[in-house]
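Residue numbers (this note's numbering), protein chains in the order written: chain R, 7 to 421; chain P, 7 to 421.
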């Protein structure tokens, strides 16, 4: 079943409000086999709403609209859609009474006159009772197709979708061999989008009916597999087969599924191995510690760390020799090694991560440009170091450095 | 100038990604008098992209499209739009060289073959150089109107809009007597939304033609003033008058405008006062250091810090006495004081912030429930401590703690 969404509101269009409703609606609809094929946002203008609704109904004959159902002047979705369906508005005295009682319960008697319009229902429409606000949802069916009108307030929209819309769509889909959209995300890090694509190569041709999307971010490249138009069970099987096909191409860059955080993976490896961790951070300034301690229960493995931003701190708190810094510079292999060793010894831990780099915007040189980062990880007596050159702004360089530090330790813990 | 946005990506349509680009783009365009009148989202399907772009061009003759410019197979915006403008793709050898050099700088030689397609430019199109990623923006003008194609990666889109798109639109709008939408945000922290509303009281009646919106977040409550349908200069004057009306009601909770970060304000106060800073963090796990070091040039004031997650670290690295911890608990006034004193002495700085608290989900007691946080700030021999009880999840408690620590120091530095 193909559906179009129309979200209505000048606030959305001007960008003062982020449209989270549309994303949530699409995810929920997909689970019952309804596929959102287009989304349109227009402002609170009757002409614009009219055109967007007519266009969408012509294309798919099934449209869900959110917003524009409140009692204030700028809310006009109901009037416009009633006109499209040639269904005049009629006062629903039963719903008017429901509204009156709700206002009475809040101690507001009489009910504001402006709310009376919310009890006006297009003839023949089904009222979707809204127990979480005052504007009811509406379900219209007629020659133009199906139009479902929902309030724009996120919580009210969510509840109406769950209790009223999803059951009706499921009912409509019955006996039609209902199909769903499902997805699975394989998370990778330490490899760019195009190198990953080269590694995957022709494996991508063998993942059908799943489709593949590359989603790069500072944390790496997520690979989202999506399957549509299959019954639920077949969709899950197809996703598993597609993942099994791709995984060998991802090698050790793959670290988890869906929203798994790399820090949580590292935490699990540390806990399972009975390790304790400390960090020594220069350019990341605390970000590595923050990532690890974001994991609930982090205290089981994480002891703490030193934010060694100034060279004097590297010397005094980590025991890095000043001569080493003077000879090689603070962003260098010998210094990152000394930072990792120093924090391991001083904090009495058996694993550590150290980072030193040039996050920018200043501080770069021809030899060590902005984005140059040295990373070290220690596990007992083993140590690995890595030099990276990250592109991007200060924030990106730092975030990529923290992720790379966690990943370096992950690789060592898996050996 | 009326503009339509077309955002492209199956991910957006399926609701896996929230479309923040569209909102940001609309806000920025409004500041130069360009009004977004409709926004359409379609998936990575050439037919759908083609229809959406043609419809939008027919309505407004000016369309900005985001997404679908990357090197992987699912990116097809450029091909489709080139066909609409009847502008065949041609290899731009200059841009190809730019790409090659960028990959070489990252040590990736040869450049992956899939990136070569990013140097293919529709004939006659203007390349908008993307110094923050590999896919260039494109500006096409022809019989169908104007189409601007931007990458979907938020940071790249943002930079291209700022450096390439906004100046061109400003140039186009010159001398047309355009009206604009402008907004100004006053940032506050350390006070709840309803207390702030009570303090503002009837001042709100005197800010017309500006309107006021309350935007609460973990960092405090932002107050957004908006003015629409005025020429640029009149809009700016109206905003300034409205801000001057509200500011006395905000008292010292106000710390800056628009996207000003509290850490940057604290950094400025420290630098101007010739101070040096160190931090001692328990529950925030590095977040305070991360906030401060996110400010470019932080090294002028920030020396470093100790992430004292385990009690042993509080003792060994900050000199907190074990007896004190045993008597009062790690989350207590005496311990947070000792942490601030300890880090000031050991790092040889004249200002410091210390935080210790229970971020949850576990670790709370009847006496010290989850969300209990002790904060201390020192400036030379002065010291202030504060106990707070933050509501929310682990992440929220931590973020609110970091913000409160910065704000405590800000208050002391202003005295």
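Heads up, the beta-carbon is just placed ideally off N, CA and C, and yes, glycines get one too.
Item                                                                                                                                                        : Value
Please report the distance separating the alpha-carbon of residue 416(R) from that of residue 57(P).                                                        : 46 Å
Near residue 44(R), which residues of its chain fall below 6 Å by C-beta distance, leaving aside the five closest residues on each side in sequence?        : 10
Do you know how far the Cα of residue 291(P) is from the Cα of residue 295(R)?                                                                              : 5 Å
Under 7 Å between beta-carbons, which chain R residues line up against residue 138(P)? List them in chain order, please.                                    : 398
List in chain order: all unbroken alpha helix (DSSP H) runs of 4+ residues lying wholly within the region 48 to 86 of chain P.                              : 52 to 66
Which one or two residues does DSSP pair with residue 313(P) in a beta bridge?                                                                              : 311(R), 287(P)
Would residue 76(P) be called buried (16 or more neighbouring beta carbons within 10 Å of its own) or exposed?                                              : buried
Put residue 299(R) into one of helix, strand or coil per three-state DSSP.                                                                                  : helix
Do residue 195(P) and residue 227(P) have their CB atoms nearer than 9 Å?                                                                                   : yes
For residue 32(R), which residues in the same chain have their Cβ closer than 8 Å to its Cβ, ignoring the five residues on either side in sequence?         : 11, 42, 45
Tell me where the alpha helix (DSSP H) around residue 268(P) begins and ends.                                                                               : 268 to 278
When you compare the CB positions of residue 422(R) and residue 150(R), do they come within less than 9 Å of one another, or not?                           : Residue coverage of chain R in this structure runs from 7 to 421, which leaves residue 422(R) outside it and unanswerable.
Assign residue 163(P) to one of three DSSP states: helix, strand, or coil.                                                                                  : helix
Quick one: using the 10 Å Cβ neighbour count with 16 as the cut-off for buried, is residue 312(P) buried or exposed?                                        : buried
Which residues does DSSP pair with residue 357(R) in a beta bridge?                                                                                         : 283(R), 385(R)
Which partner residues does residue 189(R) have in the DSSP bridge list?                                                                                    : 232(R)
Within the 9 Å Cβ cut-off, does residue 220(R) reach chain P?                                                                                               : yes
Any idea what DSSP makes of residue 254(R), helix, strand or coil?                                                                                          : helix
Can you give, in chain order, each stretch of the beta strand (DSSP E) that sits fully within the region 334 to 379 of chain P and has at least 3 residues? : 357 to 363
Starting from the beta carbon of residue 294(P), find every residue of chain R whose beta carbon is closer than 7 Å, and list them in chain order.          : 292
Please confirm whether residue 168(R) has its beta-carbon closer than 9 Å to some beta-carbon of chain P.                                                   : no
Excluding five sequence neighbours on each side, which residues of the same chain lie with their C-beta closer than 6 Å to the C-beta of residue 408(R)?    : 290, 293, 294, 297
What in chain P is Cβ-close to residue 66(R), meaning under 9 Å?                                                                                            : Ordered by position in chain P, no residue passes the 9 Å Cβ test against residue 66(R), which lies about 12 Å from the chain.
Quick check: is any heavy atom of the ligand ATP less than 8 Å from the C-beta of residue 204(R)?                                                           : Ligands in the displayed structure: none, and consequently the ligand ATP is not present.
So residue 371(R) contacts chain P; which residues on that side make the cut at Cβ distance below 7 Å?                                                      : Under the 7 Å cutoff, chain P gives no residues; its nearest Cβ is about 14 Å from residue 371(R).
From residue 411(R) to residue 385(R), what does the alpha carbon distance come to, in whole angstroms?                                                     : 13 Å
Distance cutoff 9 Å, beta carbons only. Does residue 352(P) sit that close to anything in chain R?                                                          : yes
Residue range of the beta strand (DSSP E) that residue 154(P) falls in?                                                                                     : 151 to 156
Looking at chain R, is there any beta carbon in it that lies within less than 9 Å of the beta carbon of residue 114(P)?                                     : yes
For residue 194(R), name the three-state secondary structure that DSSP assigns.                                                                             : strand
Under a CB-based cut-off of 9 Å, is residue 299(R) close to chain P?                                                                                        : yes
Do residue 187(P) and residue 171(P) have their C-beta atoms within less than 9 Å of each other?                                                            : no
Would you mind sorting residue 124(P) into buried or exposed? The rule is 16 or more other CB atoms within 10 Å of its CB.                                  : buried
Which residue marks the beginning of the beta strand (DSSP E) containing residue 11(P), and which one marks its end?                                        : 8 to 14
Could you tell me which of 401(R), 413(R), 378(R) sits nearest to residue 112(P), measuring between CA atoms?                                               : 378(R)
For residue 115(P), is the classification buried or exposed, using 16 other Cβ atoms within 10 angstroms of its Cβ as the cut-off for buried?               : exposed
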